[in-house]
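Participant:
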Amino acid sequence: IEPPLLYDNRTSYNLMLTLSGMKNLEPKSVFIILSLSVYLFIILLNTVLIVTIILNKPLHEPMYLFICNLCFKELYRATGFYPSFLYLLFSSSHVISYIGCMTQSFIIYTSYMCEYTTLVIMAYDRYVAICRPLEYHRTISTHTVAKALLYSWAFPFIMGFPNVIITSLLPLCGSEIDRLYCDNWSIVKLSCLPGTASNIYGFIVIGVFLAHGVIVLLSYQRLIVACRNSADNKNKFMQTCGPHLLSLLNFTVAVLFDLMFSRYGSKEFPEHLRNFFQVEILVIPPILNPLMYGLKLTEVRKRLFQKCKKY
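Residue numbers (the numbering used here): 80 to 390.
(1) Quick check on residue 214: buried or exposed, where buried means 16 or more other Cβ atoms within 10 Å of its Cβ?
(2) Do the CB positions of residue 96 and residue 269 come within less than 9 angstroms of each other?
(3) Can you tell me whether residue 105 is buried or exposed, with buried defined as 16 or more other CB within 10 angstroms of its CB?
(4) So, at 8 angstroms on beta carbons, what are the nonlocal neighbours of residue 323 in its own chain, with the 5 sequence-adjacent residues on each side left out?
(5) Do residue 151 and residue 122 have their CB atoms nearer than 9 angstroms?
(6) State the CB to CB distance for the pair residue 238 and residue 287, rounded to an integer number of angstroms; the pair is presumed to be in contact (CB under 8 angstroms).
(7) Alpha carbons only, please: which of 169, 139 and 154 is nearest the one belonging to residue 101?
(8) With distances taken Cα to Cα, identify the nearest neighbour of residue 282 among 263, 300, 294 and 252.
(9) Nearest to residue 178 by alpha carbon, out of 94, 258, 296 and 366?
(10) Using alpha carbons as the reference points, say which of 149, 208 and 120 lies closest to residue 302.
(11) Compute the distance between the beta-carbons of residue 53 and residue 365, then report whether it is under 9 angstroms.
(12) To the nearest angstrom, how far is the alpha carbon of residue 354 from that of residue 360?
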């Protein structure tokens with residue numbers, strides 16, 4: 080038996096990796112049209128919401144700025160996936176460079192973490208607004224909002240870089256990834272050495288962001304108690320917290336499934352279902368979030384319809 084071909088740290092940077100999950104996407108023309116349509120729709124929805132919030136001074140409130148930030152995250156994640164995916168659909172070889180693969184993995188997974196940090200900040204904002212309304216403008220000041228927005232981007236990047244460094248130090252014994260896009264664990268599985276360090280660090284990151292989820296749940300527990308005996312607070316909760324909660328649940332389920340399947344999924348699982356669950360998180364949240372926040376929040380909806388009437 081021939082020994083596996085070893086790509087060390089120097090040669091792996093020039094290596095081309097094959098995304099074998101794309102081999103059976105037929106007919107290609109249908110997938111190209113669908114992918115391009117979804118990508119353009121994501122850009123349109125999120126850009127419209129961002130521009131609406133930026134151009135309307137009454138919407139320059141913390142809650143709307145956090146929604147605007149969430150839309151930027153959706154554009155960031157979509158741009159990390161769709162252009163590369165469309166390029167590979169046009170290509171006959173379905174190969175991506177090692178550097179390109181690592182970059183795509185970093186963008187997609189930092190965007191997951193960015194979304195969590197933003198949703199946690201939004202949960203705290205709603206908690207203060209409903210449970211401590213008299214303290215709201217003092218607690219959620221302009222300075223606090225700026226720090227929160229910086230944290231929502233900086234913390235995921237700080238958590239993401241060590242993962243890239245740990246993975247890049249591993250020599251590779253293969254070049255085929257059985258997915259539609261690159262993820263860190265699939266690259267680790269190509270290594271000739273055990274990916275123990277990457278595995279441990281990955282679980283640390285998952286634990287940190289599950290803790291973020293616990294913070295959100297505690298915020299909602301306080302919110303539900305505060306809203307129970309007040310009709311006004313109930314109305315506020317349903318209008319502003321409903322979309323946030325739905326977004327969080329949908330995103331959490333999709334992320335956990337993607338992470339668990341990439342680590343423990345069986346190849347016997349039907350390929351079309353594997354592909355669906357891989358891209359669900361790259362299709363549903365970027366469309367669902369701007370639709371929910373744009374249509375559910377009265378102030379945003381009102382200004383969107385005003386703009387539409389002008390045209």
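Where is the CB? At the ideal position from N, CA and C, for every residue including glycine.
Facilitator: Let's see:
(1) Residue numbering aside, residue 214 sits at position 135 when the sequence shown is read from its first letter. It is exposed - the Cβ of residue 214 has fewer than 16 other Cβ atoms within 10 Å.
(2) As a first step, residue 96 is located in the sequence shown; it is residue number 17 there, counting from the start. As a first step, residue 269 is located in the sequence shown; it is residue number 190 there, counting from the start. Yes, they are a contact pair.
(3) As a working mapping, residue 105 is identified with position 26 in the sequence shown. Per the 10 Å Cβ criterion, exposed.
(4) The residue you call residue 323 lines up with position 244 of the sequence shown. Cβ within range, chain order: 198, 201, 202 and 205.
(5) Within the sequence shown, the letter at position 72 stands for residue 151. Within the sequence shown, the letter at position 43 stands for residue 122. In this structure, residue 122 does not lie closer than 9 angstroms to residue 151 by Cβ.
(6) As a first step, residue 238 must be located in the sequence shown, where it is residue number 159. As a first step, residue 287 must be located in the sequence shown, where it is residue number 208. 7 angstroms between Cβ atoms; contact.
(7) Stepping through the sequence shown from its first residue, residue 101 is reached at position 22. Ranking 169, 139 and 154 by Cα distance to residue 101 puts 169 first.
(8) Residue mapping note: residue 282 aligns to position 203 of the sequence shown, counting from 1. Checking every option, the nearest Cα to that of residue 282 belongs to 263.
(9) Here the question's residue 178 lines up with position 99 in the sequence shown. For residue 178, the nearest C-alpha among the options comes from 94.
(10) Position 223 of the sequence shown, counted from the start, is the residue given in the question as residue 302. The shortest C-alpha separation from residue 302 is found at 208.
(11) Nothing can be reported for residue 53, as the shown portion of the chain is limited to 80 through 390.
(12) For the purposes of this step, residue 354 is taken as the residue at position 275 of the sequence shown. For the purposes of this step, residue 360 is taken as the residue at position 281 of the sequence shown. About 11 angstroms.
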